[in-house]
Every structure is written in structure tokens, then in C-alpha cells.
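Asks: So in our numbering, the last spot in the sequence shown is 421, and the numbers never skip. A single structure is presented below for examination.
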Amino acid sequence: MSEPLDPVRGRRAFFQQTLALAAAVGANASCSRRTHGGAPRAEALPAAEPVKQAARAASGPRVGFAVVGLGKFATEQILPAFAACTRARLVALVSGSPDKAKRIGEQYGIEAKNLYDYTNFDRIRENAAVDVVYVILPNSLHAQYSERAARAGKHVLCEKPMAVTAKECEGMIHASKAAGKKLMIAYRAQFEPHNLRAIEMVRRGDIGRVKTIIADHGRILRPEQPSDSWRAKRALAGGGSLVDIGIYSIQAARYITGEEPLEVSARTFSTPNDARFAEVEETVAFTLAFPSGVLANCTASYGHAEGKRYRVFGEKGYLDLDPATAYEGNVLRASKDGKSAELVEVPQGNQFASQMDHLAECIQSGEEPKTPGEEGLRDVRILEAIYTAAREHRPVRFAADTQRG
Ligand code: NDP
């Protein structure tokens, strides 16, 4: 599916795009709310206060977004982030719960005619106010709703993981291309200022040639909570800790190196007789080997206390991001001599608003998004290879067509 490998052009383009985004993120941060900690961010507003999206001056017409699935991530992170957007605007909601849609619709000033459910979703085609459908459903529903949105003539922003199989990802890419619409995967860390700064420092050679990366993401899975109940079911989640949070480590290894892995080895473990892990894995450890020789050792677990960090070791020093992929409050430390590490001051920004504004800008300008469907497909192929490597107790090599163009 992807273009032939041209590491030099690919790396330069990646670097230039990263720097441009860092500037855009800075601009976005400057119009965000300022809170007690002094860091700019968008806040979740109290239920009674309607969100005044129009109060923020837009440079031109806003791009209208419909959010599909009003779960924890959508209601706690994404909907509030529209207040910090300068190009994207929330115009419609899709939910299986009419009462919830009505309540949240009132909170965000959404017209009743712009509230949909899953049965009348396809009528969104007739709604000219909706330019983008943002899919925030359980993983196994991403493909179906992304394709239906494309067939309804809408651009798509889809949550990670893009889908539960590479075949589904290919179908999503095909559907968007056939409709002449954009497909972007919501890889928020690629719009987050600390991660962008880390990429910039690595490319500049601040820590010398990169040799190894360690990346770990973990938390306790609690299926008794609604947003975790589907995560314990293979049919809805497609996998366990790997597909849910291990994907952040895969992303980090790929955007830090700017390379695609050649080979992966892996091992999984689930605590015997723990009902939470009857269908999905608890823990996975995997090593990605990159063409430059970088080895990325990664773990994901649903069984240990929360952690979301990575460290990049170079010949001269190292970068430490801990946390690296939090919703806010990420911390970057750098050691340029391998001895003492210093805090790198980075404005917090709003990664959710930045990624939605990025897609809106791409739609307005006709550019391809930084994280298109092909980016999500690469990760899902890696997820599949990790499971194969663990199941068959052997390293798995990637086909040449998975390499970055
Ligand atoms: P939730 O369970 O909280 O939300 C999912 C929503 O999907 C539900 O509230 C429901 O909304 C709707 N839904 C439709 N069909 C089903 C079904 N069969 N079972 C359960 N829910 C259904 O999950 P999250 O918000 O935590 O995750 C949603 C997606 O967002 C996932 O793909 C996840 O990977 C991604 N995510 C991304 C994050 C990031 O940082 N980028 C962080 C967290 C999640 P309704 O009642 O309105 O129909």
C-alpha cells in the first residue's frame, strides 16, 4: 500500500512537518484557557454552562465536526477541547442514548436536528453543516462507522487503534479515497508539544545517534467500569493492553526514529484464572528492530499501576519523557552528557484541539493530514506481527511495503 522507501526524503519531510506542527501547537496554546497551574489548557465546563464556541474568533469558516460515541474519552477530553479550537467546530453528536445526546447537546449548544443515533446515522449525508465525522467508539466499530461516514461524503477522524485488523484498515482507506475525502487517525501524541520537542531534539542530534528506546504503558483494567467493560471483550476491543496502550509505545518508537521497524519479537503473559484476561492479554513485551540499528524495548500492561513513559538513549545522552502520553502534564528531561538531566520547559498546549484543527486546516488547504489512514494501517500491521511473534515464539520480519516513503 505504501510508497517505496526513500529514507532521506522521508526523514526530511517528517522533520519539516514536525517543526511546522510545533509552531502550530504553540499558536494554538496561546489561545487556550489559563488555569491555576499557569499552563494553558481547555477545561471541561460545568454541565449547566453552554460552551460558547463562537466566542473564539475564527479566521474563516469553521470546519464542522460530528462526534460519534459519547463515552468517557469523548465527553471528558474531546468535547471540552473544541473550546480551544480555532478552525474546528462541534456541530453534531451521534449516540445510542437519546437522553445523553440531548443533555450533552444542550451543554454544547447543538441543535436538536443535529443529534443522531446509530440507526439514522447515514442521514448525516444530508447535513451540510457536518464536514468531519470523529469516530470515538469501541475499536471493532471504527471500520464500520468510518466507512459509513465516507460513503455519506464526510471526512473522517478515527480514534486509535485505527481498526482491529489490517484488512479493515485497508477497507477504510479505500472507502475514503473512493469518496474523495480525508481519513486521519487521532494520534494525539504527534500533536503534543513535549513529544514534538523530543523529536526535534533527536533530529538536531542533541543526544547523539540514537541507540535504544524503552517505552512502557500500563494501567489497571477495571471491567466493572463501563469504559473498560468492552476492553475485556475481544470481539469489541480486538486485543488487550497492546492495542489499547501499547500502541503509544509503537508510535513513540516510530516517530522518534522516523523509521519503520524491520522485525519484531514478543511475549505475552496473562495472570492465570484472572477473569479480566479470559479474552484479552494482560501484559506484552516486545522489541522492535529498526533499519538504523535502533532497538526499541516496549511493554504494555493492564496489570500494573499507571505508567506512560519512554526514554531515548543516544551516544551522548538521553531524553526522558515521564509521563510522555498523559492528557496533560507531560514532562521532558534531557541529558546531553549522559550524566545530569535537566527539565526542558515546554508550553503545555492542547493536543486534542491541535489535532482537530490540523485536520480542519488540511481540509481547507487540500493538504494530506500528518497522520493519515496509512499511518494507522502501519501500526495495525505491527500489532498483528507482535501477536504472531508472541504466539509462534519467533521473530517476525515486516514486508518491504510497510516501510516509510
Ligand atoms: P467508552 O466506553 O467510554 O466510550 C465508548 C462509547 O461508544 C460508549 O459510551 C457508547 O456511546 C458508544 N458505543 C457504541 N456501541 C457500543 C458498544 N457496543 N459497547 C460500548 N460502547 C458503545 O470508551 P472510551 O471513550 O474510553 O474509548 C472509545 C475509543 O476512544 C476507543 O477506540 C479508545 O481506544 C479511544 N481512546 C483514545 C484515547 C486517546 O488518548 N487517543 C483515550 C481513550 C480512548 P453512546 O452511549 O453515546 O452510544
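C-beta: ideal position from N, C-alpha, C; glycine also.
Can you tell me whether DSSP reads Ala-321 as helix, strand or coil?
Replies: Residue 321 sits at position 305 when you count from the first residue of the sequence shown. Looking at Ala-321 - three-state DSSP - the assignment turns out to be strand.
Asks: Less than 8 Å between C-beta atoms, sequence neighbours within five positions excluded: which residues of the same chain meet that for Val-146?
Replies: Position 130 of the sequence shown, counted from the first residue, corresponds to residue 146. The residues are Gly-80, Phe-81, Ala-82, Val-107, Ala-108, Asn-130, Ile-140, Lys-170.
Asks: Just how far apart, CA to CA, sit Pro-411 and Ile-402?
Replies: Along the sequence shown, one-based indexing puts residue 411 at 395. Along the sequence shown, one-based indexing puts residue 402 at 386. Straight-line Cα distance between these residues: approximately 9 Å.
Asks: Can you give me the C-alpha to C-alpha distance between Leu-258 and Glu-92, rounded to a whole angstrom?
Replies: Counting from one through the sequence shown, the residue named residue 258 turns up at place 242. Counting from one through the sequence shown, the residue named residue 92 turns up at place 76. In a straight line, the C-alpha of Leu-258 is about 23 Å away from that of Glu-92.
Asks: Going by beta carbon distance, what residues of the same chain come within less than 6 Å of Ser-286, once the five residues before and after it are set aside?
Replies: Here residue 286 refers to the residue found at position 270 of the sequence shown. Here the set comprises Phe-293, Glu-297, Glu-298.
Asks: In the DSSP assignment, what residue or residues form a beta bridge with Glu-279?
Replies: Counting from one through the sequence shown, the residue named residue 279 turns up at place 263. Paired residue(s): Ala-305, Arg-413.
Asks: Assuming Leu-348 and Ala-214 form a contact by the criterion Cβ under 8 Å, report the distance between their Cβ atoms to the nearest whole angstrom.
Replies: Here residue 348 corresponds to residue number 332 of the sequence shown, with the count starting at 1. Here residue 214 corresponds to residue number 198 of the sequence shown, with the count starting at 1. Confirmed, about 6 Å.
Asks: In whole angstroms, what is the alpha-carbon distance linking Asn-143 and Ala-415?
Replies: Taking the first residue of the sequence shown as 1, we reach residue 143 at position 127. Taking the first residue of the sequence shown as 1, we reach residue 415 at position 399. Rounded to the nearest angstrom, the two C-alpha atoms are 42 Å apart.
Asks: Got a sec: does the ligand NDP put a non-hydrogen atom nearer than 8 Å to the Cβ of Tyr-134?
Replies: Here residue 134 refers to the residue found at position 118 of the sequence shown. Checking the Cβ of Tyr-134 against the ligand NDP gives yes.
Asks: Figure out for me which residue from Ala-316, Met-178, Tyr-326, Pro-209 has the closest Cα to the Cα of Glu-361.
Replies: The residue given as residue 361 occupies position 345 in the sequence shown. The residue with the shortest Cα to Cα distance from Glu-361 is Pro-209.
Asks: So does Ser-111 have its beta carbon nearer than 8 Å to some heavy atom of the ligand NDP?
Replies: Position 95 of the sequence shown holds residue 111. Yes, since a heavy atom of the ligand NDP falls inside the 8 Å radius drawn around the Cβ of Ser-111.
Asks: Does Glu-391 pass the burial test, meaning 16 or more other C-beta atoms within 10 Å, or should it be called exposed?
Replies: Position 375 of the sequence shown holds residue 391. That one is buried.
Asks: Measure the CB-CB distance between Leu-237 and Arg-250 and report whether it falls below 9 Å.
Replies: Locating residue 237 in the sequence shown gives position 221, where the first residue counts as 1. Locating residue 250 in the sequence shown gives position 234, where the first residue counts as 1. Taking 9 Å as the Cβ cut-off, Leu-237 and Arg-250 do not qualify as a contacting pair.
Asks: At the level of alpha carbons, what is the spacing between Leu-173 and Gly-389?
Replies: Reading the sequence shown from its first residue, position 157 is the one you call residue 173. Reading the sequence shown from its first residue, position 373 is the one you call residue 389. For Leu-173 and Gly-389, the distance between alpha carbons rounds to 9 Å.
Asks: Count the other CB atoms within 10 Å of the CB of Gln-371; is the residue buried (16 or more) or exposed (fewer)?
Replies: Working through the sequence shown from its first residue, we reach residue 371 at position 355. The residue is buried, with at least 16 neighbouring Cβ atoms inside 10 Å.
Asks: Measuring only the C-alpha atoms, how far is Arg-164 from Tyr-318?
Replies: Position 148 of the sequence shown, counted from the start, is the residue given in the question as residue 164. Position 302 of the sequence shown, counted from the start, is the residue given in the question as residue 318. About 32 Å.
Asks: Leaving out five residues before and five after Ala-312 in sequence, what residues of the same chain have Cβ atoms less than 6 Å from its Cβ?
Replies: As a position in the sequence shown, residue 312 is number 296, starting the count at 1. The residues are Ile-229, Ala-269, Leu-304.
Asks: Between the alpha carbons of Ala-97 and Ala-342, how many angstroms are there, rounded?
Replies: Against the sequence shown, residue 97 aligns to sequence position 81. Against the sequence shown, residue 342 aligns to sequence position 326. Distance between the alpha carbons of Ala-97 and Ala-342: 15 Å.
Asks: Would you say Pro-307 and Glu-344 are within 9 Å of each other, going by their C-beta atoms?
Replies: The residue labelled residue 307 in the question sits at position 291 within the sequence shown. The residue labelled residue 344 in the question sits at position 328 within the sequence shown. No. Outside cutoff.
Asks: Taking 8 Å as the cut-off, is the beta-carbon of Arg-204 closer than that to any non-hydrogen atom of the ligand NDP?
Replies: Walking along the sequence shown from the start, residue 204 turns up at place 188. Yes, the ligand NDP has a heavy atom inside 8 Å of this Cβ.
Asks: Could you confirm whether any beta carbon from chain B is found closer than 9 Å to the beta carbon of Thr-135?
Replies: The structure shown has no chain B; it contains just one protein chain.
Asks: Unbroken beta strand (DSSP E) runs of length 3 or more, entirely within the segment 72 to 121: which are they?
Replies: 79 to 84, 104 to 110, all fully within the segment 72 to 121.
Asks: Can you have a look at Leu-359 and say buried or exposed, based on whether 16 or more other CB atoms are within 10 angstroms of its CB?
Replies: The residue labelled residue 359 in the question sits at position 343 within the sequence shown. Answer is exposed; the Cβ neighbour count stays below 16.
Asks: For the ligand NDP, any of its heavy atoms closer than 8 Å to the Cβ of Gly-274?
Replies: The residue you call residue 274 lines up with position 258 of the sequence shown. Checking the Cβ of Gly-274 against the ligand NDP gives no.
Asks: Examine the ligand NDP and report whether any of its heavy atoms sits within less than 8 Å of the Cβ of Gly-354.
Replies: Taking the sequence shown and counting its residues from 1, one reaches residue 354 at position 338. Not under cutoff, so the answer is no.
Asks: Give me the Cβ distance between Ile-152 and Val-226, rounded to the nearest whole Å; I'm assuming they're in contact under 8 Å.
Replies: Start at 1 with the first residue of the sequence shown, and residue 152 comes out as number 136. Start at 1 with the first residue of the sequence shown, and residue 226 comes out as number 210. At roughly 33 Å, the Cβ-Cβ gap does not stay under 8 Å, so Ile-152 and Val-226 are not in contact.
Asks: In whole angstroms, what separates the C-alpha of Arg-105 from that of Thr-135?
Replies: Within the sequence shown, numbered from 1, the residue matching residue 105 stands at position 89. Within the sequence shown, numbered from 1, the residue matching residue 135 stands at position 119. Distance between the alpha carbons of Arg-105 and Thr-135 is about 24 Å.
Asks: Given a threshold of 16 other Cβ atoms within 10 Å of its Cβ, counted over all protein chains shown, does Pro-114 qualify as buried or as exposed?
Replies: The sequence position of residue 114 within the sequence shown is 98, counting from 1. Classification for Pro-114: exposed.
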